[in-house]
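First residue of the sequence shown? That's 190 in my numbering, and the numbers climb one at a time after it.
All residues carry an ideal CB built from backbone N, CA and C; glycine is no exception.
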Amino acid sequence: MITTDGSNKSRLDAKDGIELAKALGAQVIALNVVSENVIASAVRQLGSDRKDAEAMLKARGQKAIDEIKKMGDDAGIKVDAVLKIGVPANEIIEVASSEKVDLIVIGSHGESGEQSIGGVVRKVVYLSTTPVLVVR
């Protein structure tokens, strides 16, 4: 499973994940999680309607997983696209468990641009029973 937040860094990490899947002959699940906190923040700070904020963020998430699907198509890899709403780390762990994935590929940091390991990544690494590959 390759996770994405749609950032440029995440796009580069996804390329590494696709290359690994190709080398192993694996299938991929591309996952984007629209954060409940980001939706709430958009509503609170921008005065957005919840439905509008959610629709905008879901469209952005869908674009991100569609990019991974295209990478997979170009590499001859089957990619299933999954979009969730919730707490990102929790959803990543849940999808990995329910889909019985062999490996979670996640970038060390994403759209925040932080140079240290992000909070979502830390939580996934510590709580997941599925092996996690952190791409730097």
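Look up A224 in the DSSP assignment and say whether it is helix, strand or coil.
Position 35 of the sequence shown, counting from 1, holds the residue named residue 224. The displayed chain sequence assigns Ser, not Ala, to residue 224. It is a strand residue.
Consult DSSP for K273 and reduce its assignment to one of helix, strand or coil.
Taking the sequence shown and counting its residues from 1, one reaches residue 273 at position 84. The answer is strand: DSSP assigns K273 an E or B state.
Considering only C-alpha positions, which residue in the set A215, S237, I293, H298 is nearest to T318?
As a first step, residue 318 must be located in the sequence shown, where it is residue number 129. For the residues A215, S237, I293, H298, the minimum Cα distance to T318 belongs to I293.
What does DSSP give as the partner residue(s) for L322 in the beta ladder?
Numbered from 1 along the sequence shown, position 133 holds the residue referred to as residue 322. For L322, which the question treats as bridged, DSSP gives the partners V294.
Contact defined as beta carbons within less than 8 Å: I believe V290 pairs with V271. What is the distance between those atoms, to the nearest angstrom?
The sequence position of residue 290 within the sequence shown is 101, counting from 1. The sequence position of residue 271 within the sequence shown is 82, counting from 1. Their Cβ separation, rounded to whole angstroms, is 11 Å, which puts V290 and V271 out of contact at 8 Å.
Go ahead and label A229 buried or exposed: buried means 16 or more other beta carbons lie within 10 angstroms of its beta carbon, across all protein chains shown.
Indexing the sequence shown from 1 puts residue 229 at position 40. With a 10 Å radius around the Cβ and a threshold of 16 neighbouring Cβ atoms, A229 comes out exposed.
Is A215 helix, strand or coil when you go by DSSP?
For the purposes of this step, residue 215 is taken as residue 26 along the sequence shown, with counting starting at 1. Looking at A215 - three-state DSSP - the assignment turns out to be coil, as it is neither helix nor strand.
Rounded to the nearest angstrom, what separates A231 and E243 at their Cα positions?
Stepping through the sequence shown from its first residue, residue 231 is reached at position 42. Stepping through the sequence shown from its first residue, residue 243 is reached at position 54. Taking the straight line joining both Cα atoms gives about 9 Å.
Which of the three DSSP states is assigned to I282 in this structure?
By one-based count along the sequence shown, residue 282 stands at place 93. Secondary structure of I282 (DSSP, three-state): helix.
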